[in-house]
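Participant: After the structure tokens below, expect a handful of questions from me.
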Amino acid sequence: MDDRIDRDRVPRHIGIIMDGNGRWANVQNLPRIAGHARGEPALFDTIQGALELGVEWLTVYAFSTENWMRESDEVDFLMHFNADLLERRRDELDAQGVAIHFIGDKADPRIPDDLKERIRVSEERTAANTTMHLVFAFSYGGRLEIVEATKRLAARVEAGEIAVADIDEAALGAAMYLPEMPEPELIIRSSGEQRTSNF
Numbered sequence: 174m175d176d177r178i179d180r181d182r183v184p185r186h187i188g189i190i191m192d193g194n195g196r197w198a199n200v201q202n203l204p205r206i207a208g209h210a211r212g213e214p215a216l217f218d219t220i221q222g223a224l225e226l227g228v229e230w231l232t233v234y235a236f237s238t239e240n241w242m243r244e245s246d247e248v249d250f251l252m253h254f255n256a257d258l259l260e261r262r263r264d265e266l267d268a269q270g271v272a273i274h275f276i277g278d279k280a281d282p283r284i285p286d287d288l289k290e291r292i293r294v295s296e297e298r299t300a301a302n303t304t305m306h307l308v309f310a311f312s313y314g315g316r317l318e319i320v321e322a323t324k325r326l327a328a329r330v331e332a333g334e335i336a337v338a339d340i341d342e343a344a345l346g347a348a349m350y351l352p353e354m355p356e357p358e359l360i361i362r363s364s365g366e367q368r369t370s371n372f
């Protein structure tokens, strides 16, 4: 690792918006799915770099709620690709002490059952790991997370567990997908574009 890096200033939580794979494939006159496949080595180089630097949380924006609107062939590829990726890489990450998390609408009926099962197994098998938390934002949108958190709070009000007056920033934060996850200190979009895409 580069000795010019000040490890005392390494962000606790880094977010990565994976972007540009399809455009890279277009430039190379390849199908878009070829770009997604080529992104895996770069992703795992990034994960290894984060581990070496001592990053505590790394969130990867893998599949947004808007991505469901892509061509069905591309969506199908991404579903199966991510299922295969989990199967290939889970043991390696587990051995390195990485806890795997998924945030987003994991119950979405469009997610294949085999992928849902691999998500469940990956989260359960690595739950006790503490070296780094690797969070895949999948079928995720920032607005969706706020809506879901609001619904959870509304349900608690309706059940008489809390009053409307009890709802504040802390209560909203506690209703998020991973309440223990700190806010990102650095967000990187791999294509270099400057937009957050509902992250």
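Following this note's numbering, the numbering of the sequence shown begins with 174 at its first residue and continues without gaps.
Yeah, the Cβ is synthetic: ideal placement off N, Cα and C, and Gly gets one too.
(1) Please determine, among Leu226, Val228, Gln221 and Thr238, the residue with the shortest C-alpha to C-alpha distance to Phe311.
(2) Which residue or residues does DSSP assign as beta-bridge partners of His186?
(3) Assuming Leu359 is part of the beta strand (DSSP E), what are its boundary residues?
(4) How would you call Gly346, buried or exposed, if buried means at least 16 neighbouring beta carbons within 10 angstroms?
(5) Alpha carbon to alpha carbon, how far is Thr219 from Ser364? Give it in angstroms, no decimals.
(6) I believe Ile187 touches Val228 by the beta-carbon criterion, under 8 Å. Please report the beta-carbon distance rounded to the nearest angstrom.
(7) Using a Cβ-Cβ cut-off of 7 Å (strictly less than) and excluding sequence neighbours within five positions of Gly277, which residues of its own chain qualify?
(8) If you draw a straight line from the C-alpha of Asp259 to the C-alpha of Pro282, how long is it?
(9) Per DSSP, what kind of secondary structure is Leu288 in: helix, strand or coil?
(10) Leaving out the 5 sequence neighbours to the left and right, which residues in its chain are closer than 8 Å to Arg185 when beta-carbon positions are compared?
(11) Where Asp308 and Gly333 are concerned, what is the direct C-alpha to C-alpha distance, given to the nearest angstrom?
Facilitator: So, from the data block:
(1) Stepping through the sequence shown from its first residue, residue 311 is reached at position 138. Looking at the Cα atoms, Thr238 is the closest of the given residues.
(2) In the sequence shown, counting from the first residue as 1, residue 186 sits at position 13. Per DSSP, the beta bridge partners of His186 are Trp230.
(3) Your numbering for residue 359 matches position 186 in the sequence shown. Note, Leu359: beta strand (DSSP E), Leu359 to Arg362.
(4) The sequence position of residue 346 within the sequence shown is 173, counting from 1. The residue in question, Gly346, is exposed, as its Cβ has fewer than 16 Cβ neighbours within 10 Å.
(5) Reading the sequence shown from its first residue, position 191 is the one you call residue 364. Reading the sequence shown from its first residue, position 46 is the one you call residue 219. Interpretation of Ser364 is limited by its pLDDT of 46, a score under 50 that renders its predicted location unreliable; the figure taken from the coordinates is listed afterwards. Ser364 and Thr219: Cα-Cα distance of roughly 14 Å.
(6) For the purposes of this step, residue 187 is taken as residue 14 along the sequence shown, with counting starting at 1. For the purposes of this step, residue 228 is taken as residue 55 along the sequence shown, with counting starting at 1. The Cβ separation is near 6 Å, so the contact holds.
(7) Working through the sequence shown from its first residue, we reach residue 277 at position 104. Taken in chain order, the residues that qualify are Ala310, Phe311, Ser312 and Tyr313.
(8) Looking up residue 259 in the sequence shown gives position 86. Looking up residue 282 in the sequence shown gives position 109. Per the sequence presented here, residue 259 reads as Leu, with Asp not at that position. So the alpha carbons of these two residues sit roughly 19 Å apart.
(9) Taking the sequence shown and counting its residues from 1, one reaches residue 288 at position 115. Correct three-state label for Leu288: helix.
(10) Within the sequence shown, numbered from 1, the residue matching residue 185 stands at position 12. Only Val228, Glu229, Trp230, Pro355 and Glu358 meet the Cβ criterion.
(11) Within the sequence shown, the letter at position 135 stands for residue 308. Within the sequence shown, the letter at position 160 stands for residue 333. One detail in the question is off: residue 308 reads as Val in this sequence, not Asp. In a straight line, the C-alpha of Val308 is about 33 Å away from that of Gly333.
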